[in-house]
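Remarks on the structure that follows.
Number of protein chains: 2
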Amino acid sequence: MLDIVPEIDTSEALTERQKAVLDAALRLLVEEGDQLTMTAVARRASCSKETLYKWFRDRDGLLTATVQWQASKVRVAQVDGKGLDLVSLTASLERFASDWLKVISSDTSIALNRVAVSHAGSGKDNLGAVVLENGRFALAKRLKPLLEAGRQAGLLDFADAETAFRTFFGLVARDVQIRLLLGDRLELTEAAIGGDAARATQQFLALFKSNNRPQGL
Amino acid sequence: MLDIVPEIDTSEALTERQKAVLDAALRLLVEEGDQLTMTAVARRASCSKETLYKWFRDRDGLLTATVQWQASKVRVAQVDGKGLDLVSLTASLERFASDWLKVISSDTSIALNRVAVSHAGSGKDNLGAVVLENGRFALAKRLKPLLEAGRQAGLLDFADAETAFRTFFGLVARDVQIRLLLGDRLELTEAAIGGDAARATQQFLALFKSNNRPQGL
DNA sequence: AGCGAACCGTAACGTACGGTACGGCTCACC
DNA sequence: GGTGAGCCGTACCGTACGTTACGGTTCGCT
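Those protein sequences? They're chains A and B, same order as listed.
The letter at position 149 of the first sequence is residue 149 when you use the working numbering, and the numbering goes up by one with no holes.
The letter at position 11 of the second sequence is residue 11 when you use the working numbering, and the numbering goes up by one with no holes.
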């Protein structure tokens with residue numbers, strides 16, 4: 001009995017019950033690491049495996065839905081470029097840096113990235129793409145308008161917003177994400193994150209501030 | 001029949017046959033992704049599973065030995081700080097950056113990091129620690145003397161070598177490693193790597209060159 | 001030549017897990 | 001009150017894989 005299974009509605013239209021199931025999957029993923037078996041999810045969510053398969057088609061569908069459900073909950077600040085000056089630009093950049101560090105150092109992000117990395121190693125890479133789309137690329141989409149606004153306002157000087165973004169990304173994240181993914185203990189206190197965000201922002205401005213461009217670039 | 005199994009000699013004293021087995025495991029890991037089953041390794045290496053278990057105790061031991069075997073083959077350039085001037089410092093930094101980009105973008109590194117990340121998610125994190133030790137921390141151990149020499153020579157100005165290293169790391173790697181681990185196609189040509197290494201080095205020097213320190217740091 | 005250790009090939013075992021089937025319960029709707 | 005859809009709990013199936021066991025073969029050593 002082969003049936004044409006409709007595409008899972010990956011972005012929205014989740015019932016409250018389904019959200020609760022995905023929350024349970026999320027909690028399980030964070031707590032138990034890779035032990036995200038269908039049986040465990042069903043038990044944790046107090047639902048049947050049959051329901052999981054009906055709602056999410058298969059294990060991959062459940063994982064994808066879980067990642068997207070988490071992504072829909074995490075939204076970093078969005079800013080507009082109205083009346084931008086150096087002070088507000090600096091504050092916005094620091095905010096972005098701080099938000100991003102908080103995200104990538106959260107247990108949830110670590111767990112989701114781990115499962116996505118594992119998944120990317122085994123053929124179909126949809127999960128990794130979803131994580132990237134909702135993580136690094138979503139951040140770029142939100143940060144680039146700010147960078148462009150900074151350039152329009154004559155505060156920043158760069159040739160390519162993508163390149164500028166990647167430099168900012170590197171200055172902020174450094175070795176944090178890979179170390180956390182590899183299991184390195186590296187607790188980031190609120191204060192440490194604030195300091196790192198300020199440092200990365202100052203370094204970024206030092207490299208890209210208008211009329212203050214360092215030689216050799 | 002319980003036997004006291006001696007600790008696996010994790011660093012050296014591998015017979016040629018054992019090295020050949022680890023090479024086979026490495027090739028399999030790169031080609032087949034996470035399908036590194038004991039059966040597949042035995043078949044690929046033309047040895048018996050019994051031998052695998054005798055030599056490496058269990059699957060974790062085999063993975064660990066494989067990682068260390070690969071690490072023993074990859075050695076980035078080491079430099080000494082004799083007669084250091086800005087030109088040679090720049091060249092050395094570029095060399096480090098280029099080597100590191102080549103390493104993290106290699107199929108082998110990606111495969112090993114993937115399996116280590118997966119492993120870190122499931123309890124015992126030894127593999128992740130081994131990868132970090134032979135990757136990011138080994139790089140730091142080799143780069144820091146150069147940075148210190150640069151400071152001694154009055155070329156660089158920084159308070160903490162670790163912090164300076166992490167900034168360099170961020171400027172070089174940016175989002176490359178996480179994107180590759182998550183399955184993003186991102187082929188780095190030889191030329192692109194060279195350009196990135198030069199850019200990262202210039203940015204690093206702009207931030208840390210002596211008497212040229214940007215304001216706000 | 002004879003012996004024993006090491007190793008190969010393969011079969012077998014136990015278990016874990018993805019996926020399916022089914023009986024029973026709840027509840028909205030007629 | 002009847003009915004049917006949706007869901008829970010659980011048993012079940014097939015398979016993949018880690019690990020062990022074992023017979024046969026090679027090979028160095030005496």
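All residues carry an ideal CB built from backbone N, CA and C; glycine is no exception.
CA-CA distance, residue 39 of chain B to residue 49 of chain B, rounds to 7 Å. Within 7 Å of the CB of residue 33 of chain B, the CB atoms of chain A belong to 121, 122 and 123, in sequence order along the chain. Within chain A, the residues 136, 166, 169, 170 and 173 have their CB atoms less than 8 Å from the CB of residue 175 of chain B, given in chain order.
At a C-beta separation below 8 Å, residue 184 of chain A has these neighbours in chain B: 128, 129 and 132.
For residue 181 of chain A, at least one C-beta of chain B is nearer than 9 Å to its own C-beta. Among the residues of chain B, those whose CB is under 8 Å from the CB of residue 118 of chain A are 34, 114, 117, 118 and 121, following chain order.
Within a 10 Å sphere around the beta-carbon of residue 177 of chain B sit 16 or more other beta-carbons, which makes this residue buried. Bridge partners of residue 209 of chain A according to DSSP: A/156. Taking the beta carbon of residue 68 of chain B as reference, no residue of chain A falls within 8 Å; the closest one sits roughly 15 Å away.
With respect to chain B, the C-beta atom of residue 178 of chain A has a partner C-beta closer than 9 Å. Annotation for residue 180 of chain A: 104, 105, 110 and 186 place their beta carbon closer than 8 Å to its own, counting only its chain and skipping 5 residues before and after. DSSP places residue 191 of chain A in the helix class (H, G or I) of the three-state scheme. Proximity of residue 111 of chain A to chain B, defined by a Cβ-Cβ separation below 9 Å, is satisfied. According to the DSSP assignment, residue 127 of chain B belongs to the alpha helix (DSSP H) that extends over 126 to 134. A buried status is given to residue 94 of chain A, since no fewer than 16 other beta-carbon atoms sit within 10 Å of its beta-carbon. Contact between residue 120 of chain B and residue 121 of chain A does not hold, since the beta-carbon distance rounds to 13 Å and is not under 8 Å. About 4 Å separates the CB atoms of residue 174 of chain B and residue 170 of chain A; that is less than 8 Å, so the two are in contact. Rounded to whole angstroms, the separation of the alpha carbons of residue 70 of chain A and residue 26 of chain B is 35 Å. The C-alpha of residue 31 of chain A lies about 15 Å from the C-alpha of residue 66 of chain A.
If you draw a 10 Å sphere on the C-beta of residue 17 of chain A, you find fewer than 16 other C-beta atoms in it, and that means exposed. Cβ-Cβ separation between residue 139 of chain B and residue 161 of chain B: approximately 13 Å, too far for a contact (criterion under 8 Å). In the DSSP assignment, residue 13 of chain A falls outside any alpha helix (DSSP H) and carries neither an H nor an E.
Each of A/210, A/188 and A/21 was checked against the Cα of residue 99 of chain A, and the nearest Cα belongs to A/188. Counting only runs of at least 3 residues, the segment 54 to 80 of chain B fully encloses no beta strand (DSSP E) element at all. In the structure shown, residue 35 of chain B adopts coil according to DSSP, grouped into three states. In this structure, DSSP gives residue 150 of chain A a helical state, which the three-state scheme calls helix.
Excluding its 5 nearest sequence neighbours in each direction, residue 158 of chain B has C-beta neighbours in its own chain below 8 Å: 147, 151, 164 and 208, listed in chain order. The alpha-carbon separation between residue 36 of chain B and residue 153 of chain B amounts to approximately 49 Å.
In this structure, the CA atom of residue 73 of chain B is about 47 Å from the CA atom of residue 155 of chain A.
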